[in-house]
Structure formats: C-alpha cells, structure tokens
Amino acid sequence: IFSYIDEKFIEIKHNENDTCEDVCTLMCKKLGIGPLVQLLYGLRVSDTKWFLPACGQLNSQQQKYEFRIRFKIPKLSNLKSLDKTSFNYYYYQLRYDLLQSKIDEIQYPRDKNKILGYVVSDMYRKMLEDKCTVDHLKKNYKRFMPRKIDERHSIFTISIAQRKVFDLLEKIENRNHDVDYVKCIYIDDIDNMAPNYLYEEYMGSIAYPFDDNIKTGKCSVKIKFVPFNNSNHSSNSSNSNSNPSDSINHNSNSVSTPGLKIFYSHEWKHIAKIDEIFSILIENNVVKLEIKDQPNIYTIDFTNKLELESFVSCLSGYYRLMFKWTVDLCKQLYSPSLAKLLELKSHGPVGGNFSYNKIIEKSKNIGAHIIRQCEFNYDTYYVDIIQKHIHQPTTYKIKFEHDRWHLQRPEAISTYKELIDVLVDLKPSNSKLYRLSPSEYDKPANLLLCAPTYQLTAKKKLDDLNEIKQIKPQIINAVKDLIINRASQTDCSDGAFSKMRAELQMPNDRKIDVTLKILKRERTDTHLVEFLELTDFWASLDSLDIIKLYGITLRQPYSMVLESSRYGPLNEFLRSHSSVPLYCLIDAAHSLARALYYLQENNLIHGYIRCSVMQVVKYDEDKNLLVAKLGDSGFTKPLTIRELLWIPVDYYYMPFEQMQCVRNDPKADIWATATTFWEILSRGRTIQDDPRSIFANGKVLPFPKEFNQIKDEIYEIMLQGWNEDPDKRFSPQRILWKFMSAKLKCSNSYSEINNHVSSSTHNNHQRHNHADRHHRMNHIDHHSSNHNSHHHQHHHNHNSHTNYQSSVSTDYSTFGSGSKKSINSNQTEDTYLNSHGDLASNNGSESERISNSSQCSTCSDLSYTRSTEPLIRYNGAGSSNNSGSTIYPQNDEDLYHEYDKPTMIELPDRRIIFKHLIGDGHYGKVYYGQMEDNSNNVREVALKTIKRIPNVSEFQGLIRDFQREISIMKKLNHRNIVKILDSIESDASNIVIVMEHIKHGSFLSYLNYNKFLLTREILLKFAKDIASGMEYLASEKIIHRDLAARNILVESRDCVKISDFGLAQLTDAGNYYIVNSARDLPIKWYAPETLGNQKYTLQSDVWSYGVTLYEMFSDGDPPYNGEEINATALYTRLVNHERLSQPRNADDDIYNALILPCWEFLPRLRPTFTSIITLIDDLLNDSGECIN
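For the sequence shown, full-length UniProt numbering gives the first residue as 1, with consecutive numbering after it.
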C-alpha cells in the first residue's frame, strides 16, 4: 500500500478474506487516523484511476494499491479540526500529486509562477517543521521541485528558478509562522486553483437523451459526480483545464447545481442531486439508477467492471457522507463496517452530544440508551443510558477484543460474550431497557463530513408582485413554515379572532411577511365550519386590490395566513396619520372601487365593506404611497344600529328575516362602498349623531370640505351609491375613470393637462394609473423596516395637521325630494335589530357584542411597541388582554404562544428569532435562536427566558435576579465569560437575554459523555480557563455565587466559558455581600460563611471553584453523592473538617495542591484565582510538553 506520508509502498499484513474496507482500517490504525474520518479514505489500484469498493476483495495478482483521501469535504483545511493526522496526510497527498504533475488543472509551464509559489510554501513548511535552514534546503532542493520542471529544462533554467525560490525563502525565514497555518494556506490555495481535484471522471454509454429526437441507440458520455458548487472558486480555475470538456464545465450554467453530471453534446448536463438518487442496481456491466421524479430507470453501461464498481462506490460514499450515513445506495457493493454496526444496532461515531440530545428528545424513560462507536479508537464503543436522572444519561465504555465485550467501570472491568449481556448488566433496577437504534433520518453533523457548509444567512423577502400572484393558497405547516411575532398579537373586534404578524418561509431562501388571523380556541367548536367556509371563499379570490390568502393552518388553533397588513385597519390608520395627502386617500378609494369591480364581475358578494375592513399594506410618506386593500368580511353576526350607514335605506323597515338578505345583495355592497368612500375622505372619523337621523330621514352625509376641489368627481359617485333605487346605483367599472380624474386634479401636473382630459381618454388613464401603481408597489422594498418609526412620528404629531376632530357632528344634506323617514327610538347605536325588525337593547357586555367586521380595531396598527407590548401573550377562554397585563400560556399545545415554536421579536434595527429549546431549568428556559440585523447579517444566539411561577414574591425575586444578571453581564468582556449581546424587556415580567451561542453546551454533560477522552492535561486546561474567568470577575468586584459545572459551557476542546449570572452580585467596599432573598440556593457548592451567615465574599467563589474541580475530576459526579442534605447539616459537617473525597481522576498533586486549599475554613487562607492560575501552570509543566 502506497503511503503519501512515507512517499513509498509499505507492507500491510491482512487476512485472506479481508475486504478493501478492512485494509483501510488497518492503514488507519497504523497511521493513527480515527474512525470519524475513516470513510474519507479509499484504496486506488496503482497506476489507474479506479478505486475498490468497500466490500471489494484485494486481487492477489495486483499487489499494489494507493491509500488516498478519496472524498472531498467542503473546506479541506478543516480536516485539521476533524483529525490532525488526516490533515497532515492530505497535505502530503496533495504535495505528491503536485510534484508528480497529477493535478490536471495546474500545469507547467502555464502556471509556473503559481507552482514556484507552492514550492516556496512547501520549503518554508519544511523549515518550520524540522527547524532547518535555507542552506540545508539548497542541498535537497530536488525533493521540492515538480518532476516536469526537472525533466524539461536545462540546468541554467532550473538554477534561475532556484534563485527565485531561495530569495523568497530568505525573506520569510525568520517570520516563524505556525506550520499548520502554512499548510492550510497551501491546501486552500490549490483547492481554489483546482476545484475539480479529487473528483472522479468515468466513461460510459447511455441512451440518447430525449431532447435528441433524431438519434436512437446509445452514445458514449463522460460521467462525474460534483458534490459542491464551484462557482465561488477563483476564475483562474476556469482557464486551467487540460481538456475542452472541463473548460465548458466551468463556464456552463448547467453545472451550477451540484450532483451527477454527464458530458454530452459539448456540455455538461445535470442528471440528479445526490439526495434524489434512491437506489443503485448492478446487472452485468450496467448500472441502474432510480432517481426521484423520473419515471424510467436511468441506465449507464460500462465496459470495465473495475471502473463500474469505482463509479458506484463513489456515489454510495458521497451519499453516506452527505445525506444518510446509515444507508448503502447499492446493496451489492455494501459497506461491511456499516452492516456490522446495524447488526449491533449501534450508531456510528456520532459523539456524545448528539447521543445525549437524541435520548432526551426521543425517550426520557429510565433505561433508555444508545450504543455508539468511539470517534477516536477502533473496536471501542460507548453506552449512554438513563439510570437515575431523566435529564442526565450516564456513559460507559465497552471494548470488543478477542471475541468478547469488556465493560469498563470505575471499580472493575467485566467481560461478556454478547453485547446484550452488557446492557442487561447496566439496566437500572425495576425498569426496562429502551434501545434507540440508528435511523436513516439521524443527521449527526460530525458524520456528514461532505455535506455542504451551511451558510447562516437571512432569507430574502419576496416582493415581486408577479411572483406573489402565482402563489396558490395551500395548507401551511405552522411549525415548519411560519416564524411568528407574538409581541404583535391583538384581539379583533369581533371577539372570534386574534391577529399576529409572521413570516412565511418560502423555498429558495425567501420569505414573505404575512398576517395570521387566528380563530380563538374557545370559538373552535361553534365557528369552525364558518371559518372553513370563509377561507374557502377567500381562497377563490385573485385580485391585487384584495388581501391575498396564502393558505391556512389546520392544526389548532386554526388560522388564515394572509397578506401582511402591518399597519392595520384603514380607519384607525387614517385617524392616527392625519397628514396623509389627498392623492393617497383617493388612491385607497380607487383600490376599493377596483376590488368591488372584481367582485361584481365574478358574481361575488363581500357582504361587509367598511373602512375598518380595508387593511393598510404599505405606506411611504416620502413617495406619497398608501396601499390599502379590501379584507375579508368575517363571520355573519347580528346587525346593530351602528351598521345603518352602510345598509341601503330600503332595508330599514323589512322584517328581520328579510333584512339579513342585505349580506347577499350585490347592490348593498355598492351602498356600503359609497359610505366607505366617505369614511376614507373623512380620514376614518366616526359619526357622533344617531345614524337613524341621516338616510332614514332623506338626508346624506356631507362631502368633506377639506377636499372640495374633487367634489364634482367623488361626491357624485357617493350620491349614486346612496340612491334608494338599487338599479340607479353606480356601476363599479364606470366610476373608475372618475378616480383617475380626481387624482389628476390633485397632482402637480393637473393644471397643464386639465383641458386634455376627456371621456375618450378615460380608459387610457385607468390603465396607466393601474400600471403606475403596480410600478410603485414593486419599488417599495426595504422601506418596511422603517415603518414603525414613521408611524410613531405621525401619531405624535397628527394634531398639528388636522382640520377635523376624530368624530363628526354636523348638518346633513337632503337626499333627493322624497319625504322624510324616521325610526322613533331612543336606543343607542349598539342596539341589535331583533327578529321583528324592531330595535332591541343590548344588555350584554362589550365582549358579547359581535359586529360583522373581523378586522382589528383595538389598536392603530400591528407594529411592535417595545415599551408596552409583552413578549408572551395569551387569550384563554373568556379572557381579555385589553388591560395590557400579561396572560401566560395555559395550554402547551398552542403553537402560537410557546417559545418552543418558531417565533420572533422585532426591534427597529434587528430581529430575534427563536428556533428550538436547548435547556429547561426550574426557573427558566434557554432557546437556540438567530439574530438578524437590517442588512441580513445573521448570528447564532442563545435566548434565556424566565418562567412564571405561582409564588408571587418568589417570582419577583427571580425577576430581580434576571435584571441583575443583565446589568452585570453587559459590563463583562473576557474570553472565558459568555458574552451578552442584547437584552429585551417588554415589561417587568417578560425579559429575554440574548447571549452568544456556545456550540457544545453544558460542561456537565460534556464531562460525562467525553470522560474516557478527557486527559489530565485537558482537564487542567479547563480548570485554568475557569480560573481565568473568575480572576476577571474578582477584578471587577463581582461575586458569581453559583459557580458549578452546570453553569460552564463548552466552546471547544480548547475553551470553556462561565455563564449564568442570575445570583451574581457586585460587592461593597468590604468585598462581601449579605443575601436577603429566600430563593433555592445551591448549598452544596457554598462555603461555610455562606451557609452560616449568608455572607458572600470573593473567597466564597474560590470554595465553589473547588467543588467545581471535584465535578470535573469525577466525570461530573454530584458532590456528596447526590444525597439530600440541608444547610444546617452541611455546615455542621464542614465545621467538623469533613471535605469531599479525592476525585478518581485527580492525582495527589491535583487534590492536595489545587483542590483542598480551596476548602480552607477561613476565607483568608484560601488561594486567590491569580495564584490558582500559577499553580495550574506548574502542574501542566510537570506533565511535560505534549508533542503531536
């Protein structure tokens, strides 16, 4: 077997029946390569391009093979963090291929300057690695020069190249870079120059493609699998190919999508992505691929069996390393090691963090367990099993040697014949075993080594109207497809719905702002059928002037996912934005006219057209743009006197049963539209006078004097709409031109073109205005992020602009010459019309009165208000949130009111998105989330929230602790302290702390599942990290008060960080603090003076640090063996000089010199954290220098 580190063939002894995979394992063991990366390697038959399949037998006639890294990971220099030996091995493989001119995309003499640069880098690496001089390298320069340069050129030419190389080396000789850094630069630069390196190209025959209708039979093609999009590589690579087909490959859009490609008709054509291939079958020399959404089997003929098996093993390998690690695409060329793992029902080297999380997520039963392969040692496995605490599995190590299983326990090693016997021995008493087997749907990140690197970017907003128009209503999965802004929740005036803003996640990394209209849980039983009828009707509508329905959610609570109307009802918006120009008001009325035209053209009846039903979708003051659209009519409910202004006068004296027909009368929609026009031009103001004194008495609403310049056009429309004769009311199509004329009048250009407006051009104006409006709507993109600031500015200043008050009380014009009509009643406008057509007093509460409108009228818009909107809102049965008080979730199934579901908090310059729960404690929860700024930059974060508990005084104490934690953490900046990035406080009881996300999470779990890998040196480095963070806190006069392994987070094997400052306190001048709260306290970590007097000092944290060291060096075991003990009993034991025993992983030096001094009874005798750091350095030096 050829080894690139040794640069020669080495002899490997193996059994006669060993497979290719067995021999690769022997090579990995010999070189020190761990199981985690073993699948990246393969055996290539020497002097060919073909690899053996995993189950392939070595040919006794062919004795030479090359042991190579075969499969490409997204960033090859990242091999260093996966497996240091593999990183070095790949460097030498790459170096060897470059020197032997086996990298097609880098060729001499075309790329001679680049090649000489690589020679310099390689020599510099040798200088750093072996501490040699330039003079030494001069004597051995031929070992670093590519073969073609040495073969093709004279001594004179080579000497010129040598001088260039050594001149550069002398310039950088004393820079002392890290050798791994030099290797990374070398690897990444060649990968940039030669992105196709490691890709395998094959020859085969396929049936002529369907798009070639002339030819029949089969044609020869080139075949390759491209795992990544190479578009980000240097453009140099496109000019560095050794053959025309490769050149076309890099310049063709057909290969922009990674996957299986064929080269046919002078271009590379895409066949399938790796996850679209379901299975592979081999028959003779034919490969048959079953591909998603392709009705026929895709077949490729090969002439060479070795080439065929190499191709199939290439696809199978990438499938496992990119998509499903536990699945062999081709059962005929299977992986023996995978078959063995599946037989044992063991996971691969998934790592303890993945295993623990899967156990907690899938089964919290005592006895639940996972078997997993060790990441670093062969024939070694771990069993993670829940034995006592349902949230804390325990890890055991087992080895398979000499056909026996060996279980390692602290007290002894036990041997078993079968694996099941090991599990039975570990089974907790009085419980069963629950094995969690590996699944093809597991997605352990550390096994999917070739999966494309996930770029954390924000989705782009979809704002192209043509694309949005193509979206058809669909069933939406609320959990997967919606990110909900719960702070925007408001109740709708009908009492049946509430509304929230949200984002609908679309394919191709896009999103759409939406409004959720949620059917309240207590209304489900009585209104579900009507809700489905409403959504069915609204799904049939397709007009730019009507709020679009994107879909519905059918999991309780039921909701309509509607086009975003973040500014809320038009009447409320106009009252709070009194400076909206006339042009925008006419545009809103014009939109309503077009909506009515659409409905009547399609024989559809709205039934409840009101200004409060129209929704403001966009507003841009600078561009004079107001987009308002007609919303849904809501549920059918009893009519009240307040509705009379929108009801034709001919219905006033009908019997009740006939009066209800107003909702099915298209002419009634016209009357209601006319009144809504008046509402719009009156800026949403209400009428104080009794509605019965107007139309019933032959009067009409007066035209707003503020806009007399357009009275001729618009008031005529209103009067036609209020005509008592239904047949004389206006036709929606025929009034559209009048709105065009009105808009021209109020525009700046009116004076120049007024004389040219005629009836013959009205239709042209109509089309032009609609196109112009469509154009302006398409050009409002990022302005939505500034909506809130515009709204609040206008809301505060509207009194200085208005000519009217918020309500109107005035004389009304007489409508026509008909006699006056009257309704003699002294009831209020909220009175119901009873079944006899009479007026009935409403004695019910406000919450019992339900109008037709389903739109929100309790607030002016849906925008986020940081100072007043709670982050947690819930409206249970019979509850109201109008008081502004926070009502907490009563039902965990409510997916709109739990942080466990996707939700977001919107702020003026950023958004916080909750993803999923990662920690659940007694007093709070921690979520994984993302923080996006307005430039679409995204950062992973941890989001800490507080739980509400029944005890009011205790809850108030928790809030104080939370607020104190924020104030303290904001001041801190240290490598070993978790950083707080933001804090959000909507009210006194709803607080979120936004912290940096620490990848590996809890140190306590990390100690458990990695206990067999954590050496003395690693643990001491962790101890130093914690001491460094605590030294920094002491310098800031901060007492942590809760230092423990559970409050340490693991960023990497090289760094841990201190978190959870909920109990931390700033000390006074005497460097101590007396606690006054009665909260549950972690007494087992507390010093005697704290237990006796509740006095905390900086030295109290040193005592807690000692207990944390006990946890560290005992694999996370709880102090005092987890026994229940009260503060008095513990204090007595400490006074009597009882201390925690020596941890099993701490030697005498660590226990006596480092841990015990932290537990001196007198605080002044305990070491400082500065002296602890010095002591740890001495202990590390005593261990000797570790050389890899």
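The beta-carbon is built from N, C-alpha and C at its ideal position, and this holds for glycine as well.
For residue i, does the count of other Cβ atoms within 10 angstroms reach 16, so buried, or fall short, so exposed?
i	result
Pro1167	buried
Cys611	buried
Lys460	exposed
Gly698	buried
Asn769	Legend: pLDDT at Asn769 = 42, less than 50; position of this residue unreliable, value from coordinates given subsequently. Buried: at least 16 other Cβ atoms inside 10 Å.
Val182	buried
Gly1029	buried
Tyr653	exposed
Ala588	buried
Glu7	exposed
Leu1175	buried
Phe278	exposed
Ala445	exposed
Asp178	exposed
Gln956	exposed
May I ask which residues mark the beginning and end of the alpha helix (DSSP H) holding residue i?
i	result
Tyr1131	Ala1127 to Val1135
Leu1020	Arg1016 to Ser1035
Asp6	Unbroken run through Asp6: none, as it is neither H nor E.
Asp189	Val179 to Met193
Trp1159	Note, Trp1159: premise wrong, no alpha helix (DSSP H); not H, not E.
Phe573	Leu570 to Ser576
Gly721	Lys711 to Gly721
Quick one: Cα of residue i to Cα of residue j, how far?
i	j	result
Ile385	Ile370	7 Å
Glu21	Asn15	12 Å
Cys24	Tyr124	31 Å
Met560	Thr636	17 Å
Ile1048	Ala1027	12 Å
Val37	Lys305	27 Å
His779	Asp622	The predicted position of His779 is uncertain, since its pLDDT is 35 and thus under 50; a value taken from the coordinates is nonetheless stated next. So the two alpha carbons sit approximately 13 Å from each other.
Asn430	Gln1094	41 Å
Pro452	Phe228	7 Å
His783	Pro209	Low local confidence applies: a pLDDT of 36 at His783 is under 50, so the model's placement there is unreliable, with the coordinate-based value given in what follows. Whole-angstrom Cα-Cα distance: 48 Å.
Leu943	Ser543	41 Å
Lys345	Arg110	54 Å
Gln658	Lys667	15 Å
Arg939	Tyr927	14 Å
Thr1128	Arg1139	15 Å
Ile968	Met500	34 Å
Asn763	Asn602	Reliability of the predicted coordinates at Asn763 is poor, the pLDDT of 40 falling under 50, and no value is obtained from them.
Ile823	Ala696	In this prediction, Ile823 has a pLDDT of 33, which is less than 50 and means its spatial position is unreliable; nothing more can be read from the coordinates.
Asp525	Phe497	14 Å
State the start and end residues of the unbroken beta strand (DSSP E) segment that holds residue i.
i	result
Cys1055	Cys1055 to Ile1058
Val120	Note, Val120: premise wrong, no beta strand (DSSP E); alpha helix (DSSP H) at Lys112 to Asp130.
Tyr928	Gly924 to Asp933
Gln408	Arg404 to Gln408
One question on the structure: do residue i and residue j come within less than 8 Å of each other, judged by their Cβ atoms?
i	j	result
Val1107	Pro1119	yes
Ile359	Gln387	no
Ile605	Asn664	yes
Phe400	Asp425	no
residue 1192	Ile185	This structure gives no information on residue 1192, because the portion of the chain shown stretches from 1 to 1188.
Ile959	Ile946	yes
Ser205	Pro146	no
Leu447	Trp325	yes
Arg692	Ile641	yes
Look up residue i in the DSSP assignment and give the residues it is bridged to.
i	result
Tyr583	DSSP, once it has assigned bridges, lists no residue as partnering Tyr583.
residue 1198	A question about residue 1198 goes unanswered here, because the residues of the chain that appear run from 1 up to 1188.
Tyr396	Val383
Ala1146	DSSP output for Ala1146 lists no bridge partner at all.
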